[in-house]
Amino acid sequence: MPVRNLTPHVVTVVDEDARVIRSWPSAAEPARVEAVRIPVGHLDDATCAGRVPLVAERRTRANLPEPQEGVWLIVSSVVGSAHPERSDLLVPTDLVRDCRGVVTGCRSFAVSGAPPRGGLPHQGSAREEDAAGSVAVADRTPA
C-alpha cells in the first residue's frame with residue numbers, strides 16, 4: 065500500500081540497530097488540527113489568585129485529505145488523536161532521539177483511530193515495502 069507523509073518533518077523509520085529502513089519526505093502542506101475555542105465560564109477555586117478561564121475546544125482538520133482506499137497517511141499524534149474515526153492514519157511511535165533530545169526517527173507506527181482496514185496482521189506477520197512505497201503483509205508464523 066502506498067504511504068504518504070503529511071507531517072512537516074522527514075519521517076525516518078529505523079530498526080533496532082538504528083539502520084534506516086525507509087524515509088518519507090516532509091509535506092509541503094502538512095495536515096493540521098485547528099481548534100476553535102469557546103468560552104464556557106471560569107474555574108471556581110478559592111486557591112487561585114485570579115479567574116481561570118474555561119473553554120471548550122472544537123477541533124477541525126486542515127489539509128487532511130479524505131481517505132483513499134489502499135493509501136496510508138503519516139500524521140502527527142495530534143492529528144491522529146483528533147480523528148478517531150479514521151483507519152488510514154499512521155502516527156510515528158517508539159521515537160528515537162539524539163543526545164540533545166531531538167527526534168531523529170521512529171521504530172514503528174501506531175495505527176490511529178478505528179481498527180485498520182483489513183484488520184491488523186497477526187503475530188508473526190511482517191510488512192514488506194517495495195521501492196514505490198507499496199506495503200505487503202507477509203505471514204512469517206512458523207508452521
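Using this note's numbering, the letters of the sequence shown map in sequence onto residues 65 to 207.
Beta carbons are placed, not taken as given, at the ideal position from N, Cα and C, and that holds for glycine.
- A straight line joining the alpha-carbon of Val-77 with that of Gly-134 spans about 20 Å.
- Val-97 and Pro-117 have their C-alpha atoms some 22 Å from each other.
- Within the region 67 to 146, complete beta strand (DSSP E) segments of at least 3 residues are found at 67 to 69, 75 to 78, 84 to 88, 96 to 107, 116 to 126 and 136 to 138, given in chain order.
- Taking 9 Å as the cut-off, the beta carbon of Val-143 is found closer than this to the beta carbon of Leu-153.
- Remark: C-beta atoms of Asn-127 and Pro-156 do not approach each other more closely than 9 Å.
- Cβ-Cβ distances below 8 Å link Asp-79 to Ile-85 and Arg-171 in the same chain, with the five nearest sequence neighbours on each side left out; the list follows chain order.
- Thr-124 sits close to Ala-99, with the two beta carbons spaced by under 9 Å.
- DSSP lists Thr-157 as the bridge partner or partners of Ser-172.
- Out of Arg-101, Pro-103 and Asn-69, the CA that lies nearest to the CA of Pro-89 is found in Asn-69.
- Taking Ala-120 as the centre and dropping the five residues before and after it, the same chain places the C-beta of Ile-102 and Val-104 closer than 6 Å to its C-beta, in chain order.
- Under the criterion of beta carbons closer than 8 Å, Val-74 and Ser-87 qualify as touching, at roughly 6 Å.
- Separation of Pro-129 and Asp-162 (C-alpha to C-alpha, rounded to the nearest whole angstrom) is 32 Å.
- If you check the CB distance, Val-160 and Ala-91 do not come in under 9 Å.
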